[in-house]
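Below is one structure, written out as structure tokens, with a few remarks after it.
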Amino acid sequence: MGLKHLSIRVPWHDTGWEGTVCQNPNLNSSCLILDRLAPKKDDGADYCLDYEVTKHPNYRKLRNQKNAGKCLDELEDKQYPACVSERMAFMSPFEYNLTIKYPYTYRPKLSHFLPTKISNPPYSASTIPFYWLSKKGIKSLLESNTLPVSMENEKDFEKDNEIRTDWANVYNNQKLIIDWFYSQIKPEKSLCFFYAKKVPFVEEQNRIIIGVGRVKQIDDYREYDYKEDREYRGLIWERMVHHSIRPDFDDGFILPYHAAIKFADENPDIEFDPTELAVYPPKGKIREFSYVTEHVSNDSAIDVMLSCAESLKKAIKIGLKGPWKKSLNWINLQIGELWKMRGPYPGMGSALTALGFSLGNFIALEIDDQLKEDENPWIILEASFENPDDYFSNELAGELKGMKDVWEILTNDEKDLLQLISRFDLSPLQAKMILMPETRDEFGLNFDENEVLENPYLIFEQTHHTVEPISFLTIDHGVLPCHEIANKFPLPDKSKIESELDWRRIRALISEILEEATYEGHSLLPQNLIIEKSKELQLDPPCNLNGKIILAKEKYFLEVIEKIEMEDGKPAYQLTEIYKNANFIKNKLLSRKEGKRNLSNIEWEKLLFNYLEKKYPLEKSKDPEAEKKARDEKSAALREIAESRLSVLIGSAGTGKTTLLSILCQEPEIRERGILLLAPTGKARVKMEQALGLSSRKDPKIKAYNIAQFLVKSSRYNGETGRFFLNDEPPKRVGETVIVDEASMLTEEMLASLLQSIKGYKRLILVGDRYQLPPIGTGRPFVDIITEFKPETLDDNQFPKVGDSYAELTINRRQTLEECGKRYDIQLANWFRGGSLLSTDDMIFDLLNGLKKSDCLKIYQWDSPDEFSHLLFEILKNELNLKTNNDYKTFNNSLGAVNGIFKVGAAKKAEKWQILSPVRNRNHGVSEINRAIHQKFKTAYIRSARSRENKLKRYDDYTKKAKPAGPEEIVWGDKVINIQNQSIGTWNINNKKQEDGYLANGEIGIFVEKSPINNKDFALKFEFSSQLGLEYSFFESLTPMNSKYRFKNIDEDQPSLELAYALTVHKAQGSEFGKVILVIPRNSFNISRELIYTALTRQQDGIIILFEGNPIDLMNYSEEKWSETNQRFTNLFRAPCPREVKDKKDLFLEDRLINRTLRGEDVRSKSELIIANILYHYGIDYEYEGVLEFDGEVRRPDFIIEDDDSGEFYYWEHLGMLNNLRYKQNWEKKKEWYYKNGITVEGGRNGTLIISVDNKKGGIYSEEIENILKKHSLI
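Counted from 1, the sequence shown has number 1451 at position 544 by the numbering used here; the numbering is strictly sequential.
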């Protein structure tokens, strides 16, 4: 019970951890997640140094001496990289030294501490149990009676030295904690798990296991060197742990991540993502892989080892070279040992603590020390109550005497439950949550002792949504340990699991699989996929499911899992809570759709005309016909959303959704009856309120919230877990008009909770762009609602697209205004909508090929990291009108500075330009781009702020600079993004008053000012683009000024603000920028059609695309198989009907959202579907959207038909909007292109042009197609 394992954090290294400096230091930004390292890393293309050294003038020349790729034993200490103290060389075969500096030598009574050299032996790592040496950790030790740490001594130390810290500084306390921590690590038995906090191939900032070995030796701790003996002493926290991993991997291994990255880069045509090999800490056990060095339980060790085995099996399968079979054998041996070390009752201490023993863990440990082989510790505990002094030390014996009467009143069931709890690796709080009825009530758990005894997996099923979730694997290990433990320590009869295919296990396992599926966007899974996913899980023993087994166990699924049917009648399963959400949404929306309409005498058409005429007079329009048509469309849409009790308002950015809503909301009759504005994110809510010209602060009739903020009031949202849910709280009466913006971001849980929480409204409008990214979470409700509500009579080319509860805006005002010529950016975005295209839209290929130029769309190609970096800065120079690459003054002005100086008001320009990337990592990702820009334009400022000269200045000296803040070293003038929704105070610069403020996740701002708050610290003041004139103040830790904690506790906490010169596309959803620079890397596995569409619709003035490889390849992502939305399994209104994609492994698309031909390909429109199916019916071979090229100019006809016998080529174009003048003119230009290149209707030298046209109803008849084929003798 007392034995633990170690987790040891290491930074990512670009070649390995063998004791060399990174090969490309400035391209490795993954290590900068470590905030002790980020401010110190001083790097370039061929050097990586420690700024604590290079800040001294004498050592700046070291930057000119290449050390990239060099071994530490070739370098002097001063040439070491900053990461050397972060265990970057834990696989080094040689010894090297570290110099440890005491942090408080600036205090007179602590000035005797000297920098102290310690040795880092070969194959070892310096470990620090940071959490337990923090005050937060000490508090936990004191509350659990684990150690008698003296906080009074800590207070005396701080008072005597006039400092305030969050750490243990007193020698005796340090020694006590360090001795306790390492006493639970047993050399030769304990394992050590090396992990990185961030790696370049995994997008989420998560822990990734790097390698595993055994602990071989733990070196003694040592004190600092001193100038002289004084009162205060201190331990060096770094303690060397020797491990067993060697290059031959005989006794441990390093996972082959570098080889996987190289394999993916060298084999772009093979569908392989390095993340497939990534090994993560077990679910719910992140705490054990945090704070640099931490204890790891046997259960967690088993789970990690099973995951490592699965990773290495995949490495073998794809052909990565290495002794992986040897490593698999080693893992198998270790798992056997881990089960023995784990024993039958790893949670006995937590169970006793939950019962009320204040020293429960110590009692469990002393019992463990007395155990003979195969002896049950609970029998010893039972016997010890009779005479505790015979079993325990005085203190523990006294506790047993005090708890004897409690023990005696326990029923047999309660004692059985206590023993059952002890079989699981739980925290004391988790154990209490199961054991104590009052704690169960507090956490909303609905079971009693008997129910848990009869089904232990109920613990997982009921706690997985709490703040203390207990994972399926935790229960599985306790219920089904290795055979030896299971036979010697059987479960109580009530809890006995007959086999690995027991119904309780199967139900919980399927629940786990379905829960994980919701994070991928699925609201259900077909039975066959559940079976496949069960095989992918690393279970010991395995659970070999098949259809018959699941069918036999279905009768036990009640109230947890619902069986449903796919459209073809095959079985599928859905979590009951998701099933209830879907039913609630369906019934509520269909009922409102058929409800009484809101008829009034308001002349909506006239209001719209007057509004638009003031802003865009028809007589000044460059295309009056298009403008008039746009107004007709908007008039019909405005009337529908005003009169319908429920409506969807759909359209891309620039089509006028905001205009319609503004007119609606400004109408007195509507406004006076109350308006509720809602959005999934705080940023979207702020943006909507401003765009509509409304203010919830000034007008009591207007209420505006993000959805989570609104639902907290009715307890339908839990901020700690981030969960939305239905409950029995009565709905709240709201204004008559409810508008939900950015509705494509709604999950099913979010929408169901919202609909249940409101009443009294007459008008619900869901607003958004269906082609944007789907929600992060369950389902795609907005798309499903649109699909259900879209009238069947509305075909692709009908106009306007307005029907009952449905209004779709199709004409883009940006295109009609032609502010920068023809809007090729909009034309390109249309390719990624997934719907039908205009036959002239393929003229975009001329721009992709570089044959045409546009101010609104510029495309550049790059093929290497160096080329990308050079290209990015050249584009910034050109677009921002920089005089030189280092023109920081003009750069600052582009962000709102005046003559290079930032003041309040600067944030007005914060969103004038924005870099977007689909990824955070690698050199083309957001993290590295932000760092590169920061280094380019802020290095001089940062060095000045760090300088000794600046430090010596008084805090009331206005020239004194605030020290760089946070791991990204944010300084004055930096562009930032707020990443947490937070209600904090703000200073209104206009009326000079402190006000209640709200900062939404995603708001972008500028660091505009700083002001001293004492003689040690500055308040850093930020202004945000959506809240001009308001200052939000943060500490130098980047925590808000009025937050509870001023001092950043430990480096696992992330600051509230991040650099924002570059953002991920996901983060930019719901935002608009003046100009966008979009980076698109090759073979990025998180790129989808919706992601590119979202990125291509963020700009107002234009977009510059930096594409890795041939820009023509960008168009591949416009195909259906790249749709993330269409891949999701949902059943909001209809049973799912998935269609397999031929050339993508394990990929299915929803049939109702695609146009699948009889030949099995996906086409863009129903008319094309009819043509393709007729061609297939008559056995005519064709190529859909094939490439046709003449002199570098590319077009993609709808169909290309080659007649092998005659050698004739036929190029088929289907036209859908010839009644539109602009479309007709563009078609004539394309027709000219065909004729110029010898393709004519009559039959030219290079082929025959076939033209078909939609009829007046917007469709095409089969007879018309057959007549065309007969005319050309094709049938």
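For each residue, glycine too, the CB sits at the ideal point set by N, CA and C.
Would the beta-carbon of Asn1027 fall within 9 Å of that of Ser999? yes
Rounded Cβ spacing between Lys1016 and Asp1067 (contact assumed at less than 8 Å): 7 Å
Alpha-carbon to alpha-carbon, Pro2043 and Ala1869: 57 Å
DSSP three-state label for Ile1330, please. The sequence given here has Arg at residue 1330, not Ile. DSSP places Arg1330 in coil when its eight states are reduced to three.
Just curious, the alpha helix (DSSP H) that Tyr2142 is in, first and last residue? Leu2128 to Lys2143
Could you check if Arg1071 is buried or exposed, using at least 16 other CB atoms within 10 Å of its CB as the buried criterion? exposed
With a Cβ-Cβ cutoff of 9 Å, do Gly1254 and Val1313 count as a contact? no
So for Cys955, helix, strand or coil by DSSP? strand
Residues sharing a beta bridge with His1150, DSSP: Val1122
Go ahead and label Glu2170 buried or exposed: buried means 16 or more other beta carbons lie within 10 angstroms of its beta carbon, across all protein chains shown. exposed
Beta-carbon gap between Ser1824 and Leu1966 smaller than 9 Å: no
Going by beta carbon distance, what residues of the same chain come within less than 8 Å of Asn1828, once the five residues before and after it are set aside? Ser936, Ser937, Lys1105, Val1106, Pro1107, Phe1108, Val1109, Glu1110, Ser1834 and Glu1835
Report yes or no: is there a C-beta of chain B within less than 9 Å of the C-beta of Gly2093? Reference to chain B is not applicable here, since this structure consists of a single protein chain.
At least three beta-carbon pairs within less than 8 Å, the segment 1752-1765 to the segment 1728-1743: yes
Contact defined as beta carbons within less than 8 Å: I believe Phe1156 pairs with Pro1230. What is the distance between those atoms, to the nearest angstrom? 5 Å
Are the CB atoms of Lys1541 and Met1566 within a distance shorter than 9 Å? Strictly speaking, residue 1566 in this sequence is Thr, with Met absent from that position. In this structure, Lys1541 lies closer than 9 Å to Thr1566 by Cβ.
Ordered along the chain, which non-local residues of its own chain (more than five positions away) have a Cβ less than 7 Å from that of Tyr2129? For the record, residue 2129 in the displayed sequence is Arg; it is not Tyr. Within the same chain, Arg2129 has close Cβ partners Asp1530 and Ala1533.
Roughly how many angstroms separate the alpha carbons of Phe1992 and Gly2150, rounded to a whole number? 44 Å
From what residue to what residue does the beta strand (DSSP E) around Ala1560 run? Note, Ala1560: premise wrong, no beta strand (DSSP E); not H, not E.
Between the alpha carbons of Ala1813 and Val1915, how many angstroms are there, rounded? 7 Å
Boundaries of the beta strand (DSSP E) in which Trp919 is found, first to last residue: Per DSSP, Trp919 belongs to no beta strand (DSSP E) and is neither H nor E.
Alpha-carbon to alpha-carbon, Gly1684 and Ile1614: 15 Å
For Asn1956, which residues in the same chain have their Cβ closer than 7 Å to its Cβ, ignoring the five residues on either side in sequence? With a pLDDT of 41 at Asn1956, under the threshold of 50, the modelled position of this residue cannot be trusted; read the value that follows with caution. Once the five neighbours on either side are set aside, the close Cβ partners of Asn1956 are Ser1041, Lys1043 and Asp1073.
Cα-Cα separation, Leu1373 to Val1986: For clarity, residue 1373 is Thr in the given sequence; the question names Leu instead. Each residue's alpha carbon lies about 39 Å from the other.
Tell me where the beta strand (DSSP E) around Leu2095 begins and ends. Leu2095 to Phe2097
What's the call for Asp2050, buried or exposed, on a 16-neighbour Cβ count within 10 Å? exposed
Measuring from the CB of Ala1967, is there a heavy atom of the ligand ADP at a distance below 8 Å? As far as ligands go, the structure on display features none, and thus does not contain the ligand ADP.
Out of curiosity, what's the CA-to-CA distance linking Glu1244 and Leu1342? 30 Å
Taking 9 Å as the threshold (C-beta atoms), are Val2048 and His2056 in contact? The sequence shown places Leu at residue 2056, rather than the His named in the question. Yes.
Identify whether Cys978 lies in helix, strand or coil by the three-state DSSP scheme. strand
CB-CB length for Asp957 against Ala989, believed under 8 Å: 4 Å
Should Pro1335 and Gly1385 be called a contact, given that it needs their Cβ atoms to be closer than 9 Å? no
Our contact map puts Gly1675 next to Ala1650 with C-beta atoms below 8 Å; I'd like the distance itself, whole angstroms only. 4 Å
Can you check DSSP and say which residues form a bridge with Ile1070? Answer is none; Ile1070 lacks a bridge partner.
Which residue wins for smallest C-alpha separation from Glu2159, given the options Ile2175, Ile1693, Ile1884 and Ile2146? It should be pointed out that residue 2159 corresponds to Ser in this sequence rather than to Glu. It is Ile2175 whose Cα lies nearest to the Cα of Ser2159.
Please name the residue, chosen from Lys1815, Ala945, Pro1022 and Lys2143, that lies closest to Glu993 on a Cα-to-Cα basis. Ala945
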